[in-house]
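A.B. asks:
Residue numbers (my numbering): 39 to 556.
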């Protein structure tokens, strides 16, 4: 008889029982790990470290309760804007995202380890490890992205929405309550497009539009000012009166004409004029960050007879990037000429002065940022007044088509564009009110007001008294029937070179608020 000890054997019933035990333990571990991924600490409450699980769960529920209470009392949009416009709140979001993310990931790993049966077979152990790793990556990535967005937002809000060089009493009055615009019936916002760039000298604002908004209805009138207006009135506080004591820019003489005959002291040269004045008088404009910008604002306020509450300045590069971030914009292109059949050139090479492409077909087209910028800039086939009309149409298209749900996915890109290319004096604490105002604008009508030679406005000697009366009539009158929104036309790809196939379009009467882009 052998003295070798016999090895214990397991019957088929024991093996089945062991497999069932492994399956139950594996499913329990997976379930608790998943639960801990959905609710921090919830999975741990069913393990040996249940005290830590309950503590983490209580903290998570408390934070969730604060968010729910804020959403219930303020609403999603207001609550979100309240957070992103307060530096302290964003700092808290960054800290909670980073620290909370690390603790949350650690709790997921701890739940998987503590919930795993000791005798779990190798294949199920690997499956649990892979599942846990995926859950940690999901939670860690979300926490990191939340902290990154919060950090970007904090930087952007501080740099862009700092209030700029806003003077006391200039900004719009925003109040607490259901209607933040209850005490402000109208807001006037100056939109400037800076034409600085390759082939350009100095800072010239070839796009100058005042958006006058009825805060109750959202009805907006875009008042477009020609860049070549001369003899513009200078405010009494203007330093340029040292050169032109008459109070009129360029009167009695325009020194710039002696240097460059094409530069006849026009409105778009005010910014550059102030820069030259400051170069000769270093002590002038002390305490003013950008004197040319501030002076132009005051001059335009004098021209239109409206108090400018806020201003937005965007350069060409920033405008192009903004449109691209939107995914492009649909614009109703209208060609040049009395019959609307002359192609519009774009894509100028400033080295040889030639254009590389043409808009050749009228109708709604989906434009890239590059094409939208050129459509707003081109005037080679007609002139400044037609270009102003195109600028207003592009602005209206952007206001009507921007979608927060799409833009939020491009948030880091948009924040970078804003920091690098956009100036505004809108304070951060008024952003929730302005977000609501944009919604009212999109639901209402956007009309246009222009001043052309066809209406008796000689750019060399404009009648500014008449201009102010027309501005008042436009903002006080009800919206024109043609300004109502209509069903969008079928869109086509942006036109390139080719034979024009345009159809004539009827132009509404000038000097009245109308929709010239329909």
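Glycine residues also receive a C-beta, built at the ideal position from the N, C-alpha and C atoms.
Just so we're clear, the structure is a prediction, and the values are computed from it rather than from any experiment.
#1: When the Cα atoms are used, what is the spatial distance from residue 374 to residue 102?
#2: Do residue 500 and residue 190 come within 8 Å of each other at the CB atom, strictly closer than that value?
#3: Is residue 103 helix, strand or coil when you go by DSSP?
#4: With contact counted as at least three CB pairs below 8 Å, one residue from each stretch, are the segment 488-497 and the segment 421-429 in contact?
#5: Can you name the start and end residues of the beta strand (DSSP E) that residue 401 belongs to?
#6: Would you list the one or two residues that DSSP bridges to residue 251?
#7: When you compare only the Cα positions, how much space is there between residue 436 and residue 419?
#8: Pull up the distance between the alpha-carbon of residue 57 and that of residue 164, whole angstroms please.
#9: What's the call for residue 168, buried or exposed, on a 16-neighbour Cβ count within 10 Å?
#10: Whole angstroms are fine: how far does the CA of residue 371 sit from the CA of residue 400?
#11: Three or more C-beta pairs under 8 Å: does that hold for the segment 243-256 against the segment 217-228?
#12: When the Cα atoms are used, what is the spatial distance from residue 555 to residue 254?
#13: Taking only three categories from DSSP, how would you classify residue 357?
#14: So, for residue 120: in the same chain, excluding its five sequence neighbours on each side, which residues have a beta-carbon less than 8 Å away from its beta-carbon?
#15: Please report the distance separating the alpha-carbon of residue 200 from that of residue 395.
#16: I need the boundaries of the beta strand (DSSP E) containing residue 396, first residue and last residue.
#17: For residue 386, which beta-bridge partners are listed by DSSP?
#18: Looking at the unbroken alpha helix (DSSP H) that takes in residue 486, where does it start and where does it end?
#19: In the DSSP assignment, find the unbroken beta strand (DSSP E) run with residue 416 in it and report its ends.
#20: Please report how far the alpha carbon of residue 303 lies from the alpha carbon of residue 466, in whole angstroms.
#21: By the three-class DSSP mapping on this structure, what secondary structure does residue 319 have?
#22: Figure out for me which residue from 65, 362, 92, 354 has the closest Cα to the Cα of residue 170.
#23: Around the Cβ of residue 349, are there at least 16 other Cβ atoms within 10 angstroms (buried) or fewer (exposed)?
#24: Consult DSSP for residue 85 and reduce its assignment to one of helix, strand or coil.
#25: Please report the distance separating the alpha-carbon of residue 529 from that of residue 480.
#26: Using only alpha-carbon positions, find the residue among 89, 72, 122 that is nearest to residue 453.
#27: If I follow the unbroken beta strand (DSSP E) through residue 367, where does it start and stop?
#28: DSSP has residue 364 in a bridge; who is on the other side?
#29: Residue 91: buried (16+ other C-beta within 10 angstroms of its C-beta) or exposed?
#30: In whole angstroms, what separates the C-alpha of residue 331 from that of residue 97?
#31: Check whether the segment 356-371 touches the segment 327-346, counting contact only when three or more Cβ pairs, one atom from each stretch, lie closer than 8 Å.
#32: Just the Cα atoms here: how many angstroms apart are residue 319 and residue 313?
#33: Does the distance from the C-beta atom of residue 69 to that of residue 82 stay below 8 Å?
#34: With a threshold of 16 other CB atoms inside 10 Å of the CB of residue 306, please say whether the residue is buried or exposed.
#35: Between which residues of its own chain and residue 289 is the CB-CB distance below 8 Å, once the five residues before and five after are set aside?
#36: Could you give the distance in angstroms between the alpha-carbon of residue 561 and the alpha-carbon of residue 79?
C.D. replies: Checking against the coordinates, here is how it stands:
#1: 58 Å
#2: no
#3: When secondary structure is reduced to three states using DSSP, residue 103 falls in the helix class.
#4: A contact exists between the segment 488-497 and the segment 421-429.
#5: 401-405
#6: Per DSSP, 225, 258.
#7: 24 Å
#8: Cα to Cα, residue 57 sits roughly 16 Å from residue 164.
#9: That one is exposed.
#10: 5 Å
#11: yes
#12: 24 Å
#13: Note: residue 357 maps to helix in three-state DSSP.
#14: Close CB contacts of residue 120 within its chain, under the 8 Å cut and outside five residues either way in sequence, are with 108, 112, 127, 470 (chain order).
#15: 40 Å
#16: 392-397
#17: 393
#18: Premise fails: residue 486 lies in the beta strand (DSSP E), 484-487, not in any alpha helix (DSSP H).
#19: That residue, residue 416, is in no beta strand (DSSP E); it is neither H nor E in DSSP.
#20: 36 Å
#21: coil
#22: 65
#23: buried
#24: coil
#25: Note on residue 529: pLDDT 40, under 50, position unreliable in the model; the coordinate value appears next. One C-alpha to the other measures close to 20 Å.
#26: Taking the Cα of residue 453 as reference, the smallest distance to any Cα among 89, 72, 122 is reached at 122.
#27: 367-371
#28: Partner(s): none; residue 364 has no beta bridge.
#29: Around the beta carbon of residue 91, a 10 Å sphere encloses 16 or more other beta carbons of the protein chains shown; the residue is thus reported as buried.
#30: 50 Å
#31: No, the segment 356-371 is not in contact with the segment 327-346.
#32: 10 Å
#33: no
#34: buried
#35: 269, 282
#36: No answer is possible for residue 561: it lies beyond the span of the chain, which begins at 39 and ends at 556.
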